[in-house]
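Residue numbers (numbering that gives the first Met the number 0): 0 to 171. Every residue, glycine too, gets a C-beta built ideally from N, C-alpha and C. Here is the structure we will look at.
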Amino acid sequence: MRLWSKNKHLSLVCEIGSGGVGAALVVMGGRKPHILYSKTSNFQPKKISDAKTFEKEVKRTLDVLLDEIVTQGLRSPEINKITRYDFSSVFCSASAPWYVAKTKFVVIEKKEPFVVTNRLIEEILDEEEKKFKKEAEENIFGHVFKEGIQMIERSVTDVSLNGYRTENPISK
Numbered sequence: 000m001r002l003w004s005k006n007k008h009l010s011l012v013c014e015i016g017s018g019g020v021g022a023a024l025v026v027m028g029g030r031k032p033h034i035l036y037s038k039t040s041n042f043q044p045k046k047i048s049d050a051k052t053f054e055k056e057v058k059r060t061l062d063v064l065l066d067e068i069v070t071q072g073l074r075s076p077e078i079n080k081i082t083r084y085d086f087s088s089v090f091c092s093a094s095a096p097w098y099v100a101k102t103k104f105v106v107i108e109k110k111e112p113f114v115v116t117n118r119l120i121e122e123i124l125d126e127e128e129k130k131f132k133k134e135a136e137e138n139i140f141g142h143v144f145k146e147g148i149q150m151i152e153r154s155v156t157d158v159s160l161n162g163y164r165t166e167n168p169i170s171k
């Protein structure tokens, strides 16, 4: 089986952890990913006292790693088998304590009938985001991230109306 068949593609994978950053060149598309080149670099989180310092340190470390990916990783023997270095995808992840995931079950009950609208859902998400940020700043990360917490993603994963799961709740 050839490494570079038509259904395989080159990806860059980056991970921001509690004590460092990692980057890897990975071939995707087979039964499992094939790592061609990887590199990690550590930093000392004790020296990071706020979000701006953390952001600068992550950017600096990523710059060094990505430079190594270009100068060394893309010159590895397996990569030299291909003629183009186009990345089909880039995956980045952040792990604790730099990322916090929270799933919340929200119940809305009203005495009068109401219609579910996009605006209603946005208002609910906005309110839940405010609550989460306040809770996180007061209890979890307030001592580190004095400028506040940035929401990366928010989504509705499931909706039930009158006890019944509903695929598309808008206008119902």
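Check	Outcome
Contact under 7 Å by Cβ, residue 40 with residue 69	no
Residue 23 classed as buried or exposed, judged by whether at least 16 other C-beta atoms fall within 10 angstroms	buried
Close-in-space but distant-in-sequence residues of the same chain around residue 116 (CB under 8 Å, 5 per side omitted)	169 and 170
Exposure label - residue 160; buried when at least 16 CB within 10 Å	exposed
Residues near residue 61 in its chain [Cβ-Cβ closer than 6 Å; skip 5 each side]	20
For residue 87 and residue 8, believed in contact at Cβ under 8 Å, the rounded distance	4 Å
Beta carbon of residue 124 nearer than 7 Å to that of residue 77	no
Complete runs of the alpha helix (DSSP H) confined to the segment 94-155 [at least 4 residues]	117-134
Environment of residue 72 [buried if 16+ CB atoms lie within 10 Å]	buried
Coarse secondary structure for residue 38, derived from DSSP in three states	strand
Continuous beta strand (DSSP E) assignments of at least 3 residues falling wholly in the segment 4-30	8-15 and 19-27
Straight-line gap, residue 11 to residue 107 (C-alpha atoms, nearest Å)	42 Å
Buried or exposed (CB count within 10 angstroms, at least 16 for buried), residue 82	Model confidence at residue 82 stands at a pLDDT of 49, short of 50, so the residue's coordinates are unreliable; what they give is reported in the following sentence. Exposed, by the Cβ-count rule.
Distance between residue 29 and residue 175 (C-alpha atoms, nearest Å)	Since the first residue of the chain shown is 0 and the last is 171, residue 175 is not available in this structure.
Cα-Cα separation, residue 59 to residue 66	11 Å
7 Å Cβ cutoff, residue 98 in contact with chain D	Here chain D cannot be found, since the structure has a single protein chain.
Residues bridged to residue 89 (per DSSP)	11
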